[in-house]
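There are 2 protein chains.
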Amino acid sequence: MPERPPPAANRPPTRRISLSVDVVLLTPHGRRLTTLLQRSADPRARERWELAWDAPHGEETIDDAAARVARTALGAAPALVEQVGAFGDRRRHPGGADVSIAYLALVPAGAPAPVGGDTAWFPVEELPALAPRQREMLDGALAAVRARLDQAPIAFRLLPPTFTLTQLQEVYELLLGRRLHKASFRRALQAAWLVEPTDEWRSEGRGRPAQLFRYAPRRRRGGRRGVRFDGLGG
Amino acid sequence: MPERPPPAANRPPTRRISLSVDVVLLTPHGRRLTTLLQRSADPRARERWELAWDAPHGEETIDDAAARVARTALGAAPALVEQVGAFGDRRRHPGGADVSIAYLALVPAGAPAPVGGDTAWFPVEELPALAPRQREMLDGALAAVRARLDQAPIAFRLLPPTFTLTQLQEVYELLLGRRLHKASFRRALQAAWLVEPTDEWRSEGRGRPAQLFRYAPRRRRGGRRGVRFDGLGG
DNA sequence: TCAATAGTGTCTGTTAGACATTATGGA
DNA sequence: TCCATAATGTCTAACAGACACTATTGA
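If you're matching them up, the sequences are chains P and A in order. Counting from 0, one number per residue, gives the positions in the first sequence under numbering that gives the first Met the number 0. Counting from 0, one number per residue, gives the positions in the second sequence under numbering that gives the first Met the number 0.
Structure representation (structure tokens):
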């Protein structure tokens, strides 16, 4: 039986550390998922790109700080801001923070882009070099988006208030990284009572116009079926 | 078009904050999920119970600190330690930490219990009063366990190396909070190639002895099917 | 007219859940 | 013997994916 030390003493944690709140802003651009990066504000490293970040101000909570950082970088409030997790290994952060809290923020497609050469949307498969800590946070945010896709209305936050079912399916395909079957997708969507049709139609270019829908979840009917043993690799 | 402030200045986050790492240790006890609580080390509040927690020491990362806190509280290393998230609202933490990082730690059923009246396992439905921050972290850890059940081998970390299929199903029922169909459960398990039989059998009390299995995931065959629109409430 | 996209009906193989049955031990 | 639990076979309804077809627009 190993020796067991007494429980940690209940003193305030005296050692204070530096903290950053970093936000991964995401929006679809065409058939690609893109993320917002800013040029470093450090005058010695103006050519480097960074995730938007800052330390919490004054009495702000970390959620407050994330909302502020997102709003400042984007010029408007995103549709959803959610925590991803804390990153406190020894990888480098642009501000030298000991611990960084990552947030993801979703921006509807077609929202006005921030102007100026200091801020730009990059496809997530073609990113410039980032500080290792921020690279890790970005990968974590992408994994979180995919994991939460069927738990929270992620896809609807990446679309304007009304959208076509093809747009919705494209967002799912974007996030899942695979093609979906059109008829099955619509059947499952109808069975879930998640969207309702508007009386508007949109004609884009050639084919038949598509009906516009809005996100309007009704109460679920029937419980979940089965247990998923997928994803239990090693 | 709203005025857009310049991006956050790239100065080190000078304001330093106090940080705690809090661990939610979980193990099944019979048909209940239980969590480890310790009596407060504060001599003025010895009757209060707390999650195990501490500030990171010296050069420790937050993952290191979580592993240490878990090992210290339990007297042995848990089977899995994973981050839940950061909690930095204004709710009270026992150590007055500005920000707390929650971890969950899984302990196999039947592992030796910590001795002494300062540490005890409580069923998660019958907890004593906790500091509001820690109560929030515990609820977050339980939600994370349920959410990750089909993404990571959570259930197997709550069981000894060999186990019966009934035990495994009981862990799933414990975490999901609902009964599962025995035949369906076993069919899905077999199709997923997650466990392999040993040549041992266990006789518990009355009925026919059950074969023991071990967790031995084989490579997946075939991709995921469909999209889940469950869980998209509102 | 053709090309392109939206939207739907039908068929089929797979799977979840219900039910029943057999197997094997202890009391 | 009876009872309790393990383990499995069969049936059915639900569902995912394939395919085909109709509908409606612009070029």
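Ideal Cβ positions, reconstructed from N, Cα and C, are used throughout, including at glycine.
So the candidates are the options; which of them puts its Cα closest to the Cα of residue i?
i	options	result
R132/P	R14/P, E49/P, P111/P	E49/P
E124/P	D117/P, L137/P, T118/P, A182/P	L137/P
Y171/A	F184/A, T118/A, A51/A, V98/A	F184/A
Q166/P	L211/P, G206/P, P113/P	L211/P
A191/P	E203/A, R227/A, A85/A, R90/A	R227/A
F162/A	G206/A, R224/A, S202/A	S202/A
R91/A	A108/A, G57/A, A128/A, T34/A	A128/A
A140/A	Q189/A, E199/A, I100/A	I100/A
A146/P	R89/P, G204/P, L175/P	L175/P
A182/A	P196/A, L164/A, E199/A	L164/A
R156/P	L24/P, R14/P, R15/P	L24/P
G116/A	L36/A, H180/A, G29/A	L36/A
V144/A	V114/A, E59/A, Q82/A	Q82/A
G29/A	R15/A, E46/A, A51/A, W120/A	W120/A
L148/P	A130/P, E135/P, Q168/P, A44/P	Q168/P
T34/P	R207/P, A209/P, P113/P, E46/P	P113/P
A110/P	T118/P, G225/P, T26/P	T26/P
A154/A	R134/A, L126/A, H180/A, L188/A	L188/A
G57/P	P42/P, L18/P, R47/P, D41/P	L18/P
L179/P	E199/A, H180/A, W200/A, G225/A	G225/A
T197/A	E135/A, T118/A, A209/A	A209/A
E46/A	E59/A, Y102/A, A66/A, T118/A	T118/A
A66/P	Y102/P, W200/P, P122/P, G206/P	Y102/P
Pull the bridge partners of residue i from the DSSP assignment, please.
i	result
H28/A	R31/A
Q37/P	E49/P, T118/P
D229/P	Answer is none; D229/P lacks a bridge partner.
D198/A	DSSP lists no partner for D198/A.
L211/A	T163/A
R15/A	S17/P
V23/A	L103/A
E81/P	L103/P
Look at residue i and residue j and say whether their C-beta atoms are less than 8 Å apart.
i	j	result
V106/A	A151/A	no
L32/P	L173/P	yes
V80/A	A96/A	no
R70/A	A64/A	no
D229/A	R38/P	no
P216/A	L193/A	yes
V98/A	I61/A	no
G234/P	A85/A	No answer is possible for residue 234/P: the residues shown for chain P start at 0 and end at 233.
P55/A	A108/A	no
E195/P	R213/P	yes
N177/P	I16/A	In the sequence as presented, Asn is not what sits at residue 177/P; that position holds Arg. No, Cβ-Cβ distance for R177/P and I16/A is not below 8 Å.
A51/A	V22/A	yes
V68/P	D88/P	no
Enumerated in chain order, which unbroken segments of the alpha helix (DSSP H) with a length of 4 residues or greater are wholly contained in the stretch 47-73 of chain P? 61-73
Listed from N- to C-terminal order along the chain, which residues in the stretch 177-191 of chain A have their beta-carbon within a distance smaller than 7 Å of any beta-carbon of chain P? L179, S183, F184, A187, L188, A191
In the stretch 86-129 of chain A, which residue ranges form an unbroken alpha helix (DSSP H) of at least 4 residues, counting only runs that do not cross its ends? none
Inside the stretch 139-193 of chain P only - alpha helix (DSSP H) runs reaching at least 4 residues: 153-156, 164-175, 181-191
Quick one: which residues of the stretch 34-54 of chain A get their C-beta closer than 8 Å to a C-beta of chain P? List them in chain order. Q37, R38, S39, A40, D41, A44, E49, A51, W52, D53, A54
With 7 Å as the C-beta to C-beta threshold (strictly closer), list the residues of the stretch 78-112 of chain A near chain P in chain order. Q82, G84, A85, G87, D88, R89, P93, G94, G95, A96, V98, I100
Using a Cβ-Cβ cut-off of less than 9 Å, give me the residues of the stretch 130-150 of chain P that come near chain A, in sequence order. A146, R147, L148, D149, Q150
Taking Cβ-Cβ distances below 7 Å as the criterion, which residues of the stretch 14-34 of chain P are in contact with chain A? R14, R15, I16, S17, L18, S19
Of the residues that make up the stretch 152-173 of chain A, which ones have a beta carbon closer than 8 Å to any beta carbon in chain P? P152, Y171
Interface positions of the stretch 60-74 of chain A facing chain P (Cβ-Cβ less than 8 Å), listed along the chain: T60, I61, D62, V68, T71, A72, G74
Under 7 Å (Cβ pairs) to chain P, residues found in the stretch 197-217 of chain A: P216
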